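To start, the structure itself, in structure tokens.
2 protein chains.
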Amino acid sequence: MARTAGSVGTKTFDEVRKAALQLFARHGYAAVSMRQIAAQVGVQAGAIYNHFPNKQALLADLLIGHMRNLIKACDEAGIQPASPQVELERFVRFHIRYHIDRADEVFIAYMELRNLEPDNFREVQTLRQRYERVLRDILRDGAKAGVFETSDAPVAGMAIIAMLTGVNTWFRYGGRLSVTQIEEIYVKMVMQSVGIFDPALREEENA
Amino acid sequence: MARTAGSVGTKTFDEVRKAALQLFARHGYAAVSMRQIAAQVGVQAGAIYNHFPNKQALLADLLIGHMRNLIKACDEAGIQPASPQVELERFVRFHIRYHIDRADEVFIAYMELRNLEPDNFREVQTLRQRYERVLRDILRDGAKAGVFETSDAPVAGMAIIAMLTGVNTWFRYGGRLSVTQIEEIYVKMVMQSVGIFDPALREEENA
DNA sequence: CAATTAAATGAACGTTCGTTTAATTATATG
DNA sequence: CATATAATTAAACGAACGTTCATTTAATTG
């Protein structure tokens, strides 16, 4: 199975990544063996080492990759500047929509942090802080402009992100509410939590 | 080291519990060995089996014990009925204060759920739902009475609990803010998130 | 069509795992 | 103080772990 030099996108590589993501999310990094991952791919354990140097690199690849994708998607979702209210609502909608469809990635990005070796841990932490700063800056700008009642932007930012990400703990497709309905509930709660009560001040941009 | 029949509160029992709690919180259930726990207690691995039948029972004991303590403390904190506003504020203050001082228990009660065998998992889930119902009922009553703008009490309840519990991910004693200051920020955000904007409608009961 | 090389196999490595067991130690009770 | 019994140790069990390696298989390249 020779392959053009420089090419890296083998089928097995992607399947190992996918299997590891599922299994790590379901059972936890430490509880999943390389043999389990290999079995899910339909391959022997040793074959994984043709694509990843070790188990740790597999975890690091998943977590760092997830954070980079998140930041890129976030940047693209909020390119054009707007008022703090509009930017906050845009952030809430982006965060919910993005996270609800990546339950496994979000789960391990939070749960398996402690299983990262120091270098990988630092990289993920840095990326996470960069994402958190997006919201914090929106809150700070809104507070400065007097449109938000936020007295402490860092704390409010952490509170809002925790609230939004929490949707992943209970949401399942096919449930009582659609993603759009959930989005509306969270938008309203978040906007009100920072002091925006008038729906007219909010932007409606349902997909 | 014989001991009165029926007595169960040995020193080692408690120390094993404490060591397991710390180690599970720090490294995760699957990543911690019985030998590590024993070493932290200053005992051999086999000695643990005089107090717990196996590793799983140790985890189940910690999680079920935590949930039972939480529910008992919550019941005691909200014994006297009051208005929805007062009850909600009381719940927020209780939740933050209780969780902030039990970081390890809260962490494993969420992270190690998947490592519980089915029977233990069901028990913890039942207890968790009983706790969540406390908040949900407050929100439902407030919405019925027209004092909360909550359109969906179950979702709002999950959102608020996620927001509050999230404080554990960043709070450390000796930081920029005191527990009381943090409590005030969260009380304000939560009350506003359900539509209560006037501070006069809120009860101030700082400890 | 050879030569090359990436990919996969299957067995093995040393280590660690949770748990068990026989023997020993220590404590409380009659 | 003697006895009963709970607690602990030290060693051992089989199983599973992450990883390595010689070898085989299969696809690409000149």
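Chains as they are written, first to last, in this note's numbering: chain A, 19 to 225; chain B, 19 to 225.
Backbone N, C-alpha and C define an ideal beta-carbon position, used for all residues, glycine too.
This structure is a prediction, so every number in the text was calculated from the model and none was measured.
According to DSSP, is B/Tyr67 helix, strand or coil?
-> Counted from its first residue, the second sequence places residue 67 of chain B at position 49. In this structure, B/Tyr67 counts as coil in the three-state DSSP scheme.
Same chain, Cβ closer than 6 Å to B/Ala43, five either side skipped, listed in chain order | By one-based count along the second sequence, residue 43 of chain B stands at place 25. Excluding residues within five positions, the ones whose Cβ falls inside 6 Å are Asp122, Phe125, Ile126.
Is B/Val185 near A/Ala161, with beta carbons less than 9 Å apart?
-> Indexing the second sequence from 1 puts residue 185 of chain B at position 167. Indexing the first sequence from 1 puts residue 161 of chain A at position 143. The answer is no: Cβ separation not under 9 Å.
Top-ranked residue by Cα proximity to B/Ile89, from B/Val152, B/Gln74, B/Ala171 = Looking up residue 89 of chain B in the second sequence gives position 71. Comparing Cα positions, the closest option is B/Val152.
Who are the near neighbours of A/Arg148 in its chain, counting only those whose CB is closer than 7 Å to its CB and skipping five residues on each side?
-> Mapped onto the first sequence, residue 148 of chain A falls at position 130. Once the five neighbours on either side are set aside, the close Cβ partners of A/Arg148 are Ile89.
B/Arg132 versus chain A: which residues are under 8 Å apart at the beta carbon?
-> In the second sequence, counting from the first residue as 1, residue 132 of chain B sits at position 114. Correct list: Arg44, His45, Gly46.
Identify the continuous alpha helix (DSSP H) that holds A/Phe112 and give its terminal residues.
-> Counting from 1 along the first sequence, the entry for residue 112 of chain A is found at position 94. Taken as a continuous stretch (DSSP letters only), the alpha helix (DSSP H) holding A/Phe112 covers 102 to 118.
Residue-chain proximity (B/Thr144, chain A), Cβ-Cβ < 9 Å = Translated into the one-based positions of the second sequence, residue 144 of chain B becomes position 126. For B/Thr144, the answer is no, since every Cβ of chain A falls outside 9 Å of its Cβ.
6 Å CB neighbourhood of A/Glu222 in its chain, flanking five on each side removed | By one-based count along the first sequence, residue 222 of chain A stands at place 204. Low confidence applies to A/Glu222: its pLDDT is 47, below 50, so where it sits in the model is not reliable, and the reading given next is rough at best. Nothing meets the Cβ criterion.
What residues from the region 151 to 168 of chain A come within 8 Å of chain B, judged by C-beta to C-beta, listed N to C?
-> Glu167
If contact means a Cβ-Cβ distance below 9 Å, which residues of the region 191 to 202 of chain A contact chain B?
-> Arg194, Leu195, Gln199, Ile200, Glu202
Within the chosen definition, does the region 69 to 76 of chain A reach the region 108 to 122 of chain A through at least 3 CB pairs nearer than 8 Å?
-> Judged by Cβ distances under 8 Å, the region 69 to 76 of chain A makes no contact with the region 108 to 122 of chain A, as fewer than three pairs qualify.
With distances taken between CB atoms, is the gap from A/Val34 to A/Ile82 smaller than 9 Å?
-> Within the first sequence, residue 34 of chain A is the residue found at index 16, counting from 1. Within the first sequence, residue 82 of chain A is the residue found at index 64, counting from 1. No, the pair does not count as a contact, with Cβ atoms beyond the cut-off.
Inter-residue Cα distance where the pair is A/Ile200 and A/Glu107 | Residue mapping note: residue 200 of chain A aligns to position 182 of the first sequence, counting from 1. Residue mapping note: residue 107 of chain A aligns to position 89 of the first sequence, counting from 1. Distance between the alpha carbons of A/Ile200 and A/Glu107 is about 13 Å.
Is A/Asn72 helix, strand or coil by DSSP?
-> In the first sequence, residue 72 of chain A corresponds to position 54, counting from 1. Of the three classes helix, strand and coil, the one that applies to A/Asn72 here is coil, per DSSP.
What distance in whole Å lies between the Cβ atoms of B/Pro102 and B/Asp159, which are believed to be in contact at a cut-off of 8 Å?
-> Locating residue 159 of chain B in the second sequence gives position 141, counting from the first residue. Locating residue 102 of chain B in the second sequence gives position 84, counting from the first residue. Correct: roughly 5 Å between the Cβ atoms.
Roughly how many whole angstroms lie between the Cα atoms of A/Ile203 and B/Met176?
-> Locating residue 203 of chain A in the first sequence gives position 185, counting from the first residue. Locating residue 176 of chain B in the second sequence gives position 158, counting from the first residue. Using only the alpha carbons, I get a separation of about 12 Å.
If we ignore side chains and look at the alpha-carbon of each, how far apart do A/Ile178 and A/Glu130 end up?
-> Here residue 178 of chain A is taken as the residue at index 160 of the first sequence, counted from 1. Here residue 130 of chain A is taken as the residue at index 112 of the first sequence, counted from 1. If you take the alpha carbons of A/Ile178 and A/Glu130, they lie about 22 Å apart.
For B/Tyr191, count neighbouring C-beta atoms within 10 Å of its own C-beta (all shown protein chains included) and say buried if the count is 16 or more, exposed if not.
-> To locate residue 191 of chain B, count along the second sequence from 1; it is residue 173. Exposed.
Chain A contacts made by the region 204 to 219 of chain B, where a contact means CB separation under 7 Å = Tyr204, Met207, Gln210, Ser211, Gly213, Phe215
Can a CB atom of chain A be found closer than 9 Å to the CB of B/Glu222?
-> Indexing the second sequence from 1 puts residue 222 of chain B at position 204. For B/Glu222, the pLDDT reaches just 47, beneath the cut-off of 50, and the residue's location in the model is therefore unreliable, although a value from the coordinates is still provided. Judged by the 9 Å Cβ criterion, B/Glu222 is not in contact with chain A.
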